[in-house]
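Residue numbers (our numbering): 1041 to 1452.
In structure tokens, the structure reads:
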């Protein structure tokens, strides 16, 4: 009896000690730059595509309360999945809503009831979960050459780099000031360059009177559960295309970002958990959760943390902002859209500069596969959409074909 009690106490003590060590390790690994990267990632994610979520919800006939519920479910889902996966694997694993999926919903949901839409979301979550459990998607990605993965990443991110300078046409003083702050920060405080740009740009737009905070108010969101209705029309016309678009246009680039950044977590369990999270939160409006690409690249860059092993803290920071955005879903849109678009685009472009450069360097380093990598980069950067699937998939497909057809066979 004493032995059992003693062992139980010892086990409990070990568990508490392990928890304390994990907490101490997390606090030690955290930095101001990782906190900034997490905030920038969430800011870019929301401001770049939140309006599409509004349109998708409106296409399903959602009320204002239901729209709020969608953002609540998506924010909580992204936050909890990002937090759990990043802490468990000690890797910056960021999840996101499916932006191409939301665009697909804008055109495919009209005519369907909210219950049928929710049924299609649950079906999509089940298919994502199945893809993760069976491992077929991870096996497919193992055949992806590193050069093509980094070329696709560079192509996906190129538009953000270009937009940073294109914004100078409408906000010349703001963009020049942000660029100057970035150069000075990289010269004297490289670890905090993006933080300097963020604070400096916010202060500047406030002084210029372009920070629209007059209608900002904070209130907790109230989730609304909708019982699903499974109609064959919705499952085939919405559920399956949503799954295909999410896997091809979101999870594939997301995995490419992870590989290109030099991280090697097991991919199938991660895909499985995004599917399970979608399944659980779909009745509240979470239509599809997946691996992030662009925002993940922000958290995996050198600006997030100079130590690659500690960059997971940037994703942890992002998860906290995700959860807050979910809890305050009724107010977060007002806050996110208070910033001028030029500020967000320039901030994202500057935060991704090093990632774009490193990706191109790796993609074009091998002379044998350089042309295939260049084809992948250009096709992805084109932004074309065919059959509802984005350019990342088609760029990768074109690159793989070129890789196998143009490379000379090795002589043994």
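C-beta atoms are modelled at their ideal positions from N, C-alpha and C, and glycine is treated no differently.
Looking only at its chain, what residues have a beta carbon closer than 7 Å to the beta carbon of residue i, apart from the 5 residues adjacent to it on each side?
i	result
residue 1319	1162, 1165, 1166 and 1169
residue 1009	Outside the modelled stretch of the chain, which goes from 1041 to 1452, sits residue 1009, for which no answer is possible.
residue 1422	1431
residue 1413	1187, 1188, 1191, 1403, 1404 and 1439
Of all the options the options, which has the alpha carbon lying nearest to the alpha carbon of residue i?
i	options	result
residue 1141	1362, 1202, 1413 and 1326	1326
residue 1278	1071, 1177, 1096 and 1235	1096
residue 1275	1171, 1241 and 1156	1156
residue 1393	1371, 1350, 1199 and 1445	1199
residue 1236	1287, 1222, 1136 and 1202	1222
residue 1383	1094, 1216 and 1224	1216
residue 1425	1435, 1416 and 1260	1435
residue 1369	1093, 1068 and 1067	1093
residue 1069	1224, 1350 and 1335	1350
residue 1233	1115, 1154, 1346 and 1258	1346
residue 1302	1127, 1261, 1416 and 1395	1395
residue 1109	1119, 1437 and 1262	1262
residue 1298	1238, 1288 and 1334	1334
residue 1381	1197, 1130 and 1204	1204
Nearest-angstrom Cα distance between residue i and residue j?
i	j	result
residue 1322	residue 1247	42 Å
residue 1332	residue 1362	13 Å
residue 1433	residue 1176	17 Å
residue 1027	residue 1304	The shown model of the chain, from 1041 to 1452, leaves out residue 1027, and the question about it has no answer.
residue 1072	residue 1123	18 Å
residue 1099	residue 1210	32 Å
residue 1367	residue 1360	11 Å
residue 1467	residue 1229	The question about residue 1467 has no answer, for the chain in this structure spans 1041 to 1452.
residue 1181	residue 1102	37 Å
residue 1112	residue 1328	13 Å
residue 1208	residue 1224	19 Å
residue 1280	residue 1408	38 Å
residue 1498	residue 1158	The chain is shown only over 1041 to 1452; residue 1498 falls outside these bounds and no answer can be derived.
residue 1074	residue 1151	44 Å
residue 1296	residue 1104	36 Å
residue 1357	residue 1121	13 Å
Can residue i be considered in contact with the ligand NAD, in the sense that its beta carbon sits closer than 6 Å to one or more heavy atoms?
i	result
residue 1418	Inclusion of the ligand NAD in the displayed structure is not the case, the ligand content being empty and no account of it being possible.
Give me, in chain order, the residues of the same chain whose beta-carbon lies closer than 6 Å to that of residue i; leave out the 5 immediate sequence neighbours on both sides.
i	result
residue 1283	1164 and 1167
residue 1178	1307 and 1308
residue 1271	1156
residue 1315	1165, 1168, 1169 and 1172
Indicate the three-state DSSP secondary structure (helix, strand or coil) for residue i in the structure shown.
i	result
residue 1251	coil
residue 1425	coil
residue 1262	coil
residue 1055	The predicted model places residue 1055 with a pLDDT of 46, which falls under 50 and marks its position as unreliable, so this point remains unresolved.
residue 1403	helix
residue 1331	strand
residue 1135	strand
residue 1341	coil
residue 1437	helix
residue 1301	coil
residue 1371	helix
residue 1392	coil
residue 1211	coil
residue 1315	helix
Does any CB atom of chain C fall closer than 7 Å to the CB of residue i?
i	result
residue 1359	This model lacks chain C altogether; it includes just one protein chain.
Quick one: what's got a C-beta closer than 8 Å to residue i's C-beta in the same chain, skipping five residues either side?
i	result
residue 1154	1100, 1101, 1102, 1106 and 1266
message: If contact is defined by three or more beta carbon pairs under 8 Å, each pair taking one atom from either stretch, is the region 1289-1309 in contact with the region 1187-1200?
response: yes
- request: Could you say if the region 1145-1153 and the region 1382-1390 meet the contact criterion of at least three C-beta pairs nearer than 8 Å?
  value: no
message: Does the contact criterion of 3 or more C-beta pairs under 8 Å hold for the region 1258-1267 versus the region 1399-1416?
response: Too few Cβ pairs lie closer than 8 Å, so no.
- prompt: If we count Cβ pairs, one from each stretch, closer than 8 Å, do we get three or more for the region 1078-1085 versus the region 1338-1356?
  reply: yes
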